[in-house]
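Engineer: There's a structure below that I have some questions on.
2 protein chains.
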Amino acid sequence: MKVTVKANTNIALVKYWGKKDENLKIPLNNSISMTLDKLYTITTSDIFDNDHDQVIFNNKDASEISKNKIIKFVDLFRNEYKRKEKLIIKTENNFPTASGLASSASGFAALAKSINEVFELNLSDIELSKYARIGSGSACRSIYGGFVEWQKGNRDNGEDSYAIQLVKENYWDIRMMVVIIDDKQKDKSSTDGMKETVETSPFYPAWLDTIENDLNNVRQGILDKDLEKVGITMEHNCLKMHSTMFTTRPAIIYWKPATLAVINKVYELRKLGVECYFTIDAGPNVKILYDQNNSEKIKKEIMSVSDITNLIECKVGSSALII
Amino acid sequence: MKVTVKANTNIALVKYWGKKDENLKIPLNNSISMTLDKLYTITTSDIFDNDHDQVIFNNKDASEISKNKIIKFVDLFRNEYKRKEKLIIKTENNFPTASGLASSASGFAALAKSINEVFELNLSDIELSKYARIGSGSACRSIYGGFVEWQKGNRDNGEDSYAIQLVKENYWDIRMMVVIIDDKQKDKSSTDGMKETVETSPFYPAWLDTIENDLNNVRQGILDKDLEKVGITMEHNCLKMHSTMFTTRPAIIYWKPATLAVINKVYELRKLGVECYFTIDAGPNVKILYDQNNSEKIKKEIMSVSDITNLIECKVGSSALII
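Residue numbers (numbering that gives the first Met the number 0), protein chains in the order written: chain W, 0 to 322; chain L, 0 to 322.
Here is the structure:
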């Protein structure tokens with residue numbers, strides 16, 4: 000019965016920021032992501048012959064909060080499919096949790112797929128994507144490899160809010176460097192942050208009004224393997240998202256000094272003819288998109304920025320898989 | 000005939016960003032500023048018995064660009080008041096030029112007032128404010144001491160676009176610390192920056208839509224000597240302005256890593272109960288507003304931030320004066 004699943008994290012090129020429904024995690028806008036091959040969660044689920052579930056998180060008993068989140072998630076499946084078995088779940092990230100590196104994305108994608116297997120539910124990727132979404136919004140994108148779009152959908156019950164694969168991982172051989180500035184847990188969760196932004200930023204309506212244009216550009220840019228088109232739009236979209244955060248009351252500022260140092264380094268590299276583009280999620284770390292031909296130059300330059308903890312160069316990753 | 004004028008610079012608490020008329024420098028929104036006592040321009044004008052004007056800028060012959068700007072400004076008065084005399088103008092800033100420290104604000108205020116004196120024009124402060132505005136927008140606020148509002152006006156010819164004093168300098172004894180991170184000339188002038196923002200930032204309309212609320216809060220906060228009200232609104236307004244810059248295409252980012260380090264230090268100080276608030280103009284330097292009781296604590300903490308070049312603690316400054 001025991002099944003082990005590996006799911007990769009994903010980084011949005013067009014960001015998700017703001018929910019229409021807090022419980023069902025239905026977003027206010029579509030988003031497009033790239034799945035990364037080097038940051039992932041491995042989750043093993045097995046039937047547990049006991050009266051309670053057991054959750055092991057990074058080789059330790061999970062905290063009450065994590066455990067409750069995970070059990071609540073398993074209950075979605077137990078309730079829907081009339082299952083009573085308790086589970087023992089061991090889950091592990093190969094990178095820091097809750098630091099803006101999308102650990103909950105790979106986490107809930109891996110969990111959804113492992114539950115599907117251990118309960119032998121035979122759910123489609125679209126169904127798994129919807130479940131993963133309820134676990135943690137952007138997790139719905141980590142069911143797939145390659146480049147992925149999360150369609151917000153129109154229905155109140157979330158039945159049409161799931162991700163689809165735009166192109167497979169071998170369609171476009173591009174690199175994303177994850178520049179780790181700080182791997183501590185962030186002060187404000189994305190969930191709280193986006194709620195406050197939607198409620199108080201005077202710039203949030205313009206964020207929604209202009210998202211369709213960003214989505215069209217990035218979708219077309221991916222199909223055309225047009226790095227400039229994807230990159231320029233990705234940066235603008237990232238700066239728009241952070242600007243809605245900065246103008247939230249009170250302000251939400253996830254950037255650290257080194258975040259700006261890396262942004263400035265990316266601009267410098269571009270001036271020197273080394274094509275690369277940045278994006279930043281709800282945390283201080285920066286992700287850089289570029290062609291593998293420029294890999295060595297970019298690594299060398301980014302390493303020279305002070306206060307960089309680590310660099311991880313990723314290729315486009317695969318779908319969540321049983322291993 | 001020779002007359003020497005000292006004009007203080009000013010820092011906006013509610014910012015000016017975007018022009019309705021590029022030549023007449025009519026703004027798209029009102030702004031409110033505090034005049035600072037420690038950063039100023041001293042300008043001496045005298046009739047020059049010659050066929051050309053002479054301009055000495057910081058003890059050197061002015062560059063062609065500066066000289067032409069200044070002569071063009073003097074011509075406004077010569078044309079309007081039928082004067083033919085050439086002038087010799089010596090002007091000096093006690094702080095770096097064009098680095099986001101509002102050197103052109105004190106510069107054109109001092110120049111307007113010195114021309115008024117040397118030509119014996121007897122113009123009112125309102126008239127001088129309008130002339131200073133044509134020299135460099137925010138200079139219209141540096142005619143006055145204390146706290147000042149620049150009323151954008153409604154007329155196309157700029158006749159009702161000038162500053163008025165809200166309260167005199169001795170009304171509210173508050174401090175502003177100018178934290179200098181970089182005193183080099185900025186890459187992009189405010190003039191170019193604001194033009195690009197108005198044309199391309201999708202957030203600019205919301206900037207204008209929400210300015211009235213900021214103005215009301217800061218105006219009332221000054222009258223009530225309510226530091227929290229002024230400070231919270233000032234920070235939000237500053238972050239809104241920079242967010243319109245970040246979302247300009249291509250993006251305009253005046254911040255440096257140390258800018259964020261100072262922002263974070265201000266937040267830390269507030270958490271520790273030391274009340275202080277930041278604002279940032281079109282450059283990397285940060286200005287901090289606080290009560291003099293907290294002066295020593297704030298100085299000590301801000302000095303501990305790396306990459307700080309200099310700190311200048313200012314009181315509320317006086318109007319432009321003949322000295």
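Glycine included, each C-beta is placed from N, C-alpha and C at the ideal position. Please read all numbers here as calculations on a predicted model, not as lab measurements.
1) To which residues of the same chain is W:Ser294 closer than 7 Å at the C-beta, ignoring the five residues directly before and after it?
2) For L:Gly316 and L:Gly144, which I take to be in contact (beta-carbon distance under 8 Å), what is that distance rounded to the nearest angstrom?
3) Who does L:Thr3 pair with in a DSSP beta bridge?
4) Using a 10 Å radius around the Cβ and a threshold of 16 neighbouring Cβ atoms, would you call L:Ile337 buried or exposed?
5) Output, in chain order, the set of chain W residues within a Cβ distance shorter than 8 Å of L:Asp208.
6) For the ligand SAH, any of its heavy atoms closer than 7 Å to the Cβ of W:Thr247?
7) Roughly how many angstroms separate the alpha carbons of L:Val2 and L:Glu79, rounded to a whole number?
8) Looking at W:Ile321: is its Cβ nearer than 8 Å to the Cβ of W:Tyr276?
9) Alpha carbon to alpha carbon, what distance is there between W:Gly106 and W:Asp323?
10) Look up L:Pro283 in the DSSP assignment and say whether it is helix, strand or coil.
11) Report the three-state DSSP secondary structure of L:Leu310 (helix, strand or coil).
12) So what's W:Ala61 in DSSP terms, helix, strand or just coil?
13) Any C-beta of chain L sitting closer than 8 Å to the C-beta of W:Lys255?
14) Answer with buried or exposed for W:Ser303, where buried requires no fewer than 16 other C-beta atoms within 10 angstroms of its C-beta.
15) What does a CB cutoff of less than 7 Å around L:Ile125 pick up in its chain, not counting 5 residues either side in sequence?
16) Return the chain-ordered list of same chain residues with a C-beta closer than 8 Å to the C-beta of W:Leu165, the five sequence neighbours on each side being excluded.
17) With 8 Å set as the bound, which would you pick, yes or no: does the beta-carbon of W:Thr246 sit closer than that to a beta-carbon of chain L?
18) If the cut-off is 9 Å on Cβ atoms, which residues from the region 220-236 of chain W count as contacting chain L, listed in chain order?
19) Show which residues of chain W have a CB atom less than 7 Å away from the CB atom of L:Ser242.
20) On the criterion of 16 or more Cβ atoms from any shown chain inside 10 Å, does W:Ile10 qualify as buried, or is it exposed?
21) Label L:Arg154 either buried or exposed according to how many other C-beta atoms from any shown protein chain fall within 10 Å of its C-beta, with 16 as the threshold for buried.
22) According to the neighbour-count rule (16 or more other Cβ atoms, all chains shown, within 10 Å of its Cβ), is W:Ser102 buried or exposed?
23) Just the Cα atoms here: how many angstroms apart are L:Asp280 and L:Asn22?
24) For the alpha helix (DSSP H) holding W:Ala111, just list the boundary residues, first then last.
25) Over what stretch of residues does the alpha helix (DSSP H) that includes W:Asn216 continue unbroken?
26) So that I know if they touch, is there some Cβ in chain W lying closer than 8 Å to that of L:Leu259?
27) Using a 10 Å radius around the Cβ and a threshold of 16 neighbouring Cβ atoms, would you call W:Lys299 buried or exposed?
28) Between the alpha carbons of L:Glu211 and L:Lys14, how many angstroms are there, rounded?
29) Per DSSP, what are the beta-bridge partners of W:Asn92 in this structure?
30) List, in chain order, every chain L residue whose beta-carbon is nearer than 7 Å to that of W:Leu288.
31) Tell me which residues share the same chain as L:Val177 and place their Cβ nearer than 6 Å to its Cβ, disregarding the 5 neighbours each side in the sequence.
32) Verify the CB distance criterion: does W:Ile262 have a CB-CB separation below 8 Å to chain L?
33) Name the residues in the region 311-322 of chain W whose C-beta lies less than 9 Å from a C-beta of chain C; which are they?
34) Can you list the residues of chain L that W:Leu238 reaches, using a CB-CB cut of under 7 Å?
35) Within the same chain, show all residues whose beta-carbon is closer than 6 Å to that of W:Ala257, passing over the 5 residues directly before and after it, in chain order.
36) Helix, strand or coil, according to DSSP, for W:Leu271 in the structure here?
Structural biologist: Taking the coordinates as given:
1) For the purposes of this step, residue 294 of chain W is taken as residue 295 along the first sequence, with counting starting at 1. Around W:Ser294: Arg174 and Glu312.
2) In the second sequence, residue 316 of chain L corresponds to position 317, counting from 1. In the second sequence, residue 144 of chain L corresponds to position 145, counting from 1. L:Gly316 to L:Gly144, Cβ: 6 Å. Contact.
3) On the second sequence, residue 3 of chain L is found 4 positions in, with the first residue counted as 1. According to DSSP, L:Thr3 bridges with L:Thr43.
4) What is shown of chain L runs 0 to 322, which leaves residue 337 of chain L out entirely.
5) Against the second sequence, residue 208 of chain L aligns to sequence position 209. Under the 8 Å cutoff, chain W gives Pro201.
6) By its list of ligands, the structure shown contains no ligand whatsoever, and the ligand SAH lies outside what it can speak to.
7) In the second sequence, the residue the question calls residue 2 of chain L occupies position 3. In the second sequence, the residue the question calls residue 79 of chain L occupies position 80. The straight-line gap from Cα to Cα measures roughly 21 Å.
8) Within the first sequence, residue 321 of chain W is the residue found at index 322, counting from 1. Within the first sequence, residue 276 of chain W is the residue found at index 277, counting from 1. Cβ distance not < 8 Å, so W:Ile321 and W:Tyr276 don't count as in contact.
9) There is simply no residue 323 of chain W to check, as chain W begins at 0 and stops at 322 in what is shown.
10) Along the second sequence, read from residue 1 onward, the residue named residue 283 of chain L stands at position 284. Looking at L:Pro283 - three-state DSSP - the assignment turns out to be coil, as it is neither helix nor strand.
11) Working through the second sequence from its first residue, we reach residue 310 of chain L at position 311. Looking at L:Leu310 - three-state DSSP - the assignment turns out to be strand.
12) For the purposes of this step, residue 61 of chain W is taken as residue 62 along the first sequence, with counting starting at 1. Coil, per DSSP.
13) In the first sequence, the residue the question calls residue 255 of chain W occupies position 256. At least one chain L Cβ lies under 8 Å of W:Lys255.
14) Here the question's residue 303 of chain W lines up with position 304 in the first sequence. W:Ser303 comes out exposed.
15) If you number the second sequence from 1, residue 125 of chain L lands on position 126. Tyr161.
16) As a first step, residue 165 of chain W must be located in the first sequence, where it is residue number 166. Closer than 8 Å at the Cβ level, and outside the excluded window around W:Leu165, lie Ile31, Gly145, Phe146, Val147, Glu148, Arg218, Ile221 and Leu222.
17) As a position in the first sequence, residue 246 of chain W is number 247, starting the count at 1. Judged by the 8 Å Cβ criterion, W:Thr246 is in contact with chain L.
18) Ile231, Glu234 and His235
19) Along the second sequence, read from residue 1 onward, the residue named residue 242 of chain L stands at position 243. In chain order: Phe202, Ser242, Phe245 and Thr246.
20) Position 11 of the first sequence holds residue 10 of chain W. So W:Ile10 counts as buried.
21) One-based indexing of the second sequence puts residue 154 of chain L at position 155. Answer is exposed; the Cβ neighbour count stays below 16.
22) As a working note, residue 102 of chain W is residue 103 in the first sequence. W:Ser102 should be labelled buried.
23) Taking the second sequence and counting its residues from 1, the one referred to as residue 280 of chain L is at position 281. Taking the second sequence and counting its residues from 1, the one referred to as residue 22 of chain L is at position 23. Spanning the two alpha carbons is a distance of roughly 22 Å.
24) In the first sequence, the residue the question calls residue 111 of chain W occupies position 112. Ser102 to Val117 is the span of the alpha helix (DSSP H), which, as asked, contains W:Ala111.
25) Numbered from 1 along the first sequence, position 217 holds the residue referred to as residue 216 of chain W. Looking at the DSSP string, the run of the alpha helix (DSSP H) that includes W:Asn216 is Ile210 to Leu222.
26) In the second sequence, counting from the first residue as 1, residue 259 of chain L sits at position 260. Cβ-Cβ to chain W under 8 Å: yes for L:Leu259.
27) As a working note, residue 299 of chain W is residue 300 in the first sequence. Classification for W:Lys299: exposed.
28) Here the question's residue 211 of chain L lines up with position 212 in the second sequence. Here the question's residue 14 of chain L lines up with position 15 in the second sequence. C-alpha separation (whole angstroms): 12 Å.
29) Position 93 of the first sequence, counting from 1, holds the residue named residue 92 of chain W. DSSP, once it has assigned bridges, lists W:Thr40 as partnering W:Asn92.
30) Translated into positions along the first sequence, residue 288 of chain W becomes position 289. Per Cβ cutoff of 7 Å: no residues; W:Leu288 is ~16 Å from chain L at best.
31) Looking up residue 177 of chain L in the second sequence gives position 178. Hits under 6 Å: Lys286 and Ile311.
32) Stepping through the first sequence from its first residue, residue 262 of chain W is reached at position 263. W:Ile262 counts as touching chain L.
33) Structure shown: chain C not included; protein chains present are W and L.
34) Mapped onto the first sequence, residue 238 of chain W falls at position 239. Within 7 Å Cβ-Cβ: Phe245, Thr246 and Ala250.
35) Mapped onto the first sequence, residue 257 of chain W falls at position 258. Closer than 6 Å at Cβ, skipping near neighbours: Ile180 and Asp306.
36) Along the first sequence, one-based indexing puts residue 271 of chain W at 272. In this structure, W:Leu271 counts as coil in the three-state DSSP scheme.
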